[in-house]
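Have a look at the structure below, then the notes.
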Amino acid sequence: MFEQIIAILFPVMSLVLIGYLIGLWLKPDFRPINRINMEAFVPALVFSSLVNMPLDTQQTPLLLAALVAVLLPGVLMLLICRLGRWSFKTWAPLHMFRNSGNLAIPLFTYAFGETALPSAVLLFVVSMCLHISLGVAMLSKGSVLKTVLSAPVFLASSLALLLNLSGVSIWSPLYNATALLGQAAVPVMLLSLGSQMINLRLAGLKVGLVSTAQSLLTGACAFALIYFFIPLPPLQLQMMVLFTMLPPAVMNYLFAERYHIEPTQVAAMVLFGNFFSLLSLPILLFIALSL
Numbered sequence: 481m482f483e484q485i486i487a488i489l490f491p492v493m494s495l496v497l498i499g500y501l502i503g504l505w506l507k508p509d510f511r512p513i514n515r516i517n518m519e520a521f522v523p524a525l526v527f528s529s530l531v532n533m534p535l536d537t538q539q540t541p542l543l544l545a546a547l548v549a550v551l552l553p554g555v556l557m558l559l560i561c562r563l564g565r566w567s568f569k570t571w572a573p574l575h576m577f578r579n580s581g582n583l584a585i586p587l588f589t590y591a592f593g594e595t596a597l598p599s600a601v602l603l604f605v606v607s608m609c610l611h612i613s614l615g616v617a618m619l620s621k622g623s624v625l626k627t628v629l630s631a632p633v634f635l636a637s638s639l640a641l642l643l644n645l646s647g648v649s650i651w652s653p654l655y656n657a658t659a660l661l662g663q664a665a666v667p668v669m670l671l672s673l674g675s676q677m678i679n680l681r682l683a684g685l686k687v688g689l690v691s692t693a694q695s696l697l698t699g700a701c702a703f704a705l706i707y708f709f710i711p712l713p714p715l716q717l718q719m720m721v722l723f724t725m726l727p728p729a730v731m732n733y734l735f736a737e738r739y740h741i742e743p744t745q746v747a748a749m750v751l752f753g754n755f756f757s758l759l760s761l762p763i764l765l766f767i768a769l770s771l
């Protein structure tokens, strides 16, 4: 089991380490690279994964599980923030919107094989669509409809689902081109995540530890609800162990900076949360593979 866990995590963590070294030595500006990734590579990955995915009532439990994984931690954080007199806008999004792209997609692929990719992408799409709609609504005061409808990930997933449900076959060379473009998404995600680690500062360690502990706790509550009340096949149940307790998405920091929601504190929670995942992921992976 130990060798299996190492074999799964090594490719993912190796690219994160390479990204860290690139950020340390070359100090590149990843912002334009991340924008290209989110507006071209990731939508291509989403489209190529969803357009041929079998869509029927069998996917309903996974969709419900994804909603529980995102929404229940938000409800729990509402109570925790009231008790601790913390800012809900600062703390809650990090426990709701996790690293379902940069980390989850490659992790699921290496852990469970290519058969897990469509489910991983579906989880990512649900999380991303909720993040750019509900997440933005939590932080901003204006309308978020335009933001959602113009998001490349939303457009790609909508088109893929439309073609899938209508039974329209996509031209094979076009599909291959889209799939090839999408293959660039995961390595870029991991390199970008690694490059962010150079911004870790000890001043944010305490808040990072507290946030990570809360994230694991709220995620565990979400998984318990899914485990007992939502019938999932074994593979998807294993995936939900990881999905519910992933570290926070880097996009949480981008939104916090954009809407002026304590960006320095949010950055510390995001970076330390992903750093501490080096410790939590092997344990979670062991639990998942034991189910």
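Numbered per the numbering used here, the sequence shown spans residues 481 to 771. The beta-carbon is built from N, C-alpha and C at its ideal position, and this holds for glycine as well. From a predicted model like this one, the values you see are computed outputs, not experimental measurements.
| Check | Outcome |
| --- | --- |
| One or two residues paired with Arg578 in a DSSP bridge | Pro728 |
| 4-residue-minimum alpha helix (DSSP H) runs that sit fully inside the region 666–741, ordered along the chain | 685–709, 714–723 and 731–738 |
| Other residues of its chain near Leu645: CB distance less than 7 Å, five sequence neighbours each side excluded | Leu535 |
| Cα-Cα separation, Leu556 to Thr698 | 7 Å |
| Ile612 vs Leu525 beta-carbon contact at 9 Å | no |
| Cβ-based burial, Asn679 [other Cβ within 10 Å; buried from 16] | exposed |
| Leu673 and Asn579 closer than 9 Å at C-beta | yes |
| Neighbour-count burial assignment, Thr658, 16 or more Cβ in a 10 Å radius | buried |
| His575 burial status per 10 Å Cβ neighbour count (16 or more: buried) | buried |
| Unbroken alpha helix (DSSP H) run spanning Pro534, endpoints | It is not in any alpha helix (DSSP H) - Pro534 carries neither H nor E in the DSSP assignment. |
| Limits of the alpha helix (DSSP H) - the one that Ile650 falls within | Premise fails: Ile650 is in no alpha helix (DSSP H) and is neither H nor E. |
| Beta-carbon proximity of Gln676 to Trp571, cut-off 9 Å | no |
| Rounded C-alpha distance that separates Ala768 from Ser620 | 37 Å |
| First and last residue of the uninterrupted alpha helix (DSSP H) at Thr589 | Ala584 to Phe592 |
| Contact the region 513–525 vs the region 625–638: 3+ CB pairs below 8 Å | yes |
| Close-in-space but distant-in-sequence residues of the same chain around Tyr500 (CB under 6 Å, 5 per side omitted) | Gly674 and Met677 |
| Closest by C-alpha distance to Leu696, when choosing among Leu489, Ser757, Leu506 and Met608 | Ser757 |
| Proximity of Leu764 and Phe592 at Cβ, strictly below 9 Å | no |
| Endpoints, alpha helix (DSSP H) assigned at Ile767 | Pro743 to Ser770 |
| Which listed residue (Val492, Leu610 and Pro653) has its alpha carbon closest to that of Asn732 | Leu610 |
| Environment of Ser494 [buried if 16+ CB atoms lie within 10 Å] | exposed |
| Through-space distance from Asn532 to Asp450, alpha-carbon basis | Since the first and last residues shown for the chain are 481 and 771, residue 450 lies out of range. |
| Separation of Val496 from Ala640, as counted between CA atoms | 30 Å |
| Leu597 versus Trp651: straight-line alpha-carbon distance, rounded | 21 Å |
| Gly753, buried or exposed, once every other Cβ within 10 Å from all chains shown has been counted against 16 | buried |
| Sequence-distant residues of its chain with Cβ nearer than 7 Å to Leu661 (five each side left out) | Ala520, Phe521 and Ala524 |
| Beta-carbon proximity of Gly615 to Phe568, cut-off 9 Å | no |
| Nearest-angstrom Cα separation, counted from Ser528 out to Asn423 | The structure shown does not extend to residue 423, since the chain is modelled only from 481 through 771, so no value can be given for it. |
| DSSP state of Arg515 mapped onto helix, strand, coil | helix |
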